[in-house]
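**Q** Okay, handing you the structure first.
In full-length UniProt numbering, the protein residues as written are 1 to 183.
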């Protein structure tokens with residue numbers, strides 16, 4: 001952004017986009033190549049299915065978790081790169097971003113005079129956002145990848161709910177029950 005001359009948000013976004021696409025594309029390509037050799041894809045080819053049907057019905061559903069994880073990872077990377085570029089002073093100082101806030105803390109010597117709270121807001125915001133996106137990434141991966149699904153926790157909660165419901169029900173005998181002394 002500093003070499004181009006204009007360091008606006010669009011320029012920074014284009015630079016980050018142009019330099020960060022290769023990792024996600026490489027991961028998706030390698031997973032697609034591995035899926036292409038699976039037996040269910042070979043069986044669809046032998047049955048004479050069209051290439052588009054094989055792509056959209058056989059391969060793409062197995063790539064959802066990879067594509068989702070790659071997208072969320074790219075968003076995290078872009079946010080952190082923008083903050084880093086702005087923190088280093090290579091971004092537009094007139095825009096509002098967490099990186100510019102960190103840059104202002106650094107250049108105004110706030111830490112030297114003991115004003116640590118100026119550093120707290122951008123650092124905490126970046127940390128919470130990236131942590132939230134990472135947790136979202138794990139959730140997408142667990143939902144889309146059947147090997148990672150864990151139903152043990154849900155079964156445990158359902159069993160606890162049933163036990164709680166049984167404990168709350170009063171112990172009332174059935175109406176037709178014969179009691180001792182009744183005929």
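Positions of the beta carbon are idealized from the N, C-alpha and C atoms, including for glycine.
Would you identify the three-state DSSP class for residue 8, choosing helix, strand or coil?
**A** In this structure, residue 8 counts as coil in the three-state DSSP scheme.
**Q** Classify residue 87: buried if its beta carbon has 16 or more other beta carbons within 10 angstroms, exposed otherwise.
**A** buried
**Q** Find the nearest neighbour of residue 141 within the set 69, 40, 116 and 91, judged by alpha-carbon distance.
**A** It is 69 whose Cα lies nearest to the Cα of residue 141.
**Q** Between which two residues does the alpha helix (DSSP H) containing residue 83 stretch?
**A** 60-87
**Q** Look at the alpha carbon of residue 67 and the alpha carbon of residue 125, and state the distance between them as a whole number of angstroms.
**A** 26 Å
**Q** Leaving out five residues on either side along the sequence, give the residues of the same chain with a beta carbon under 7 Å from the beta carbon of residue 65.
**A** 140, 141, 144 and 145
**Q** Quick check: what's the CA-CA separation for residue 138 versus residue 163?
**A** 31 Å
**Q** Where does the unbroken alpha helix (DSSP H) through residue 45 begin, and where does it stop?
**A** 39-46
**Q** Give the straight-line distance between the Cα atoms of residue 89 and residue 71, rounded to the nearest whole angstrom.
**A** 27 Å
**Q** Suppose you measure from the CA of residue 108 to the CA of residue 14; what does that come to, to the nearest Å?
**A** 29 Å
**Q** Would you say the stretch 92-101 touches the stretch 33-45, given that touching needs at least three Cβ pairs under 8 Å?
**A** no
**Q** In chain order, what residues of the same chain lie with their CB nearer than 7 Å to the CB of residue 99, ignoring the 5 residues before and after it?
**A** 82, 83, 84, 85, 86, 87 and 91
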